[in-house]
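The working numbering puts the first residue of the sequence shown at 1, with every later residue one more than the last. Don't be surprised by glycine CBs; every beta carbon is placed ideally from N, CA and C. Notes for the one structure printed next.
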Amino acid sequence: MARVQFAWLAIGILVGVAHGFWGTSTDTGASVLAANAVFTALSVTLVMFFWPWAINLKNDAEFNAKDERWQVYRLTTQLFWTVLVGIASTGLAVVQLALPLIANNENIMEPSLAGIIVQAVSVGLTAYQVLLLGQSVFHLYAATFWMPRA
Numbered sequence: 001m002a003r004v005q006f007a008w009l010a011i012g013i014l015v016g017v018a019h020g021f022w023g024t025s026t027d028t029g030a031s032v033l034a035a036n037a038v039f040t041a042l043s044v045t046l047v048m049f050f051w052p053w054a055i056n057l058k059n060d061a062e063f064n065a066k067d068e069r070w071q072v073y074r075l076t077t078q079l080f081w082t083v084l085v086g087i088a089s090t091g092l093a094v095v096q097l098a099l100p101l102i103a104n105n106e107n108i109m110e111p112s113l114a115g116i117i118v119q120a121v122s123v124g125l126t127a128y129q130v131l132l133l134g135q136s137v138f139h140l141y142a143a144t145f146w147m148p149r150a
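As structure tokens, then:
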């Protein structure tokens, strides 16, 4: 599972870099912000749904890393990471929307380069968040559906 997460991170970085170099010149902050709001809300909902169950698993005296339920616990904690990535990406999208205003009022930076960098990072984090969320959802529902002791 760790290899898959590194693959998602690499894909997220590649998407961000590709968007930074070849993305459109129009501001994508609003669409990235909307996507992050949806995916972060979905991640939080899934965490709220699965976390009490994962805590009950962890408190079971027979529960250990060799138990088949360990996968559910790990994937539930991965959902927390997905929420944190979503919060960071949402914050960057808000900065991206506010950057032209700050740059114009304060005359402290070149808005185009800073905007491109922030935009590329927020798009890359959004791609990473979507891939992590997809992996978590697929594996959690697969694990809970096929696990005999779930």
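Span separating the alpha-carbon of residue i from that of residue j
i      : j      : result
Trp22  : Ala41  : 29 Å
Gly86  : Val137 : 15 Å
Leu75  : Phe49  : 13 Å
Leu14  : Asn56  : 38 Å
Leu79  : Pro52  : 13 Å
Ile116 : Ala34  : 19 Å
Tyr73  : Gly16  : 30 Å
Leu101 : Ala7   : 36 Å
Trp70  : Asn59  : 12 Å
Ala81  : Lys66  : Per the sequence shown, the amino acid found at residue 81 is Trp instead of Ala. Approximately 23 Å, taken between the alpha carbons.
Ala114 : Asn36  : 20 Å
Leu133 : Ala54  : 17 Å
Val38  : Glu62  : 37 Å
Cutoff 7 Å; reference residue i; Cβ partners in own chain excluding five residues on either side
i      : result
Val83  : Thr40, Ser43, Val44, Val47
Gly12  : Gly124, Leu125, Ala127, Tyr128, Leu131
Val118 : Leu92, Val95, Gln96, Leu99
Ser122 : Val32, Ser89, Leu92, Ala93, Gln96
Leu9   : Tyr128
Same chain, Cβ closer than 8 Å to residue i, neighbours up to 5 away in sequence not counted
i      : result
Ala88  : Leu125
Leu4   : For clarity, residue 4 is Val in the given sequence; the question names Leu instead. Within the same chain, Val4 has close Cβ partners Gln135.
Tyr141 : none
Ser112 : none
Beta-carbon contacts of residue i that lie in its chain and below 6 Å, excluding the five residues immediately before and after
i      : result
His139 : Leu75
Ala120 : Gly16, His19, Gly20
Any chain C beta carbon closer than 9 Å to residue i
i     : result
Gly91 : Structure shown: chain C not included; a single protein chain is present.
Any non-hydrogen atom of the ligand FAD closer than 8 Å to residue i Cβ
i     : result
Thr76 : The ligand FAD is absent from the structure shown, which contains no ligand whatsoever.
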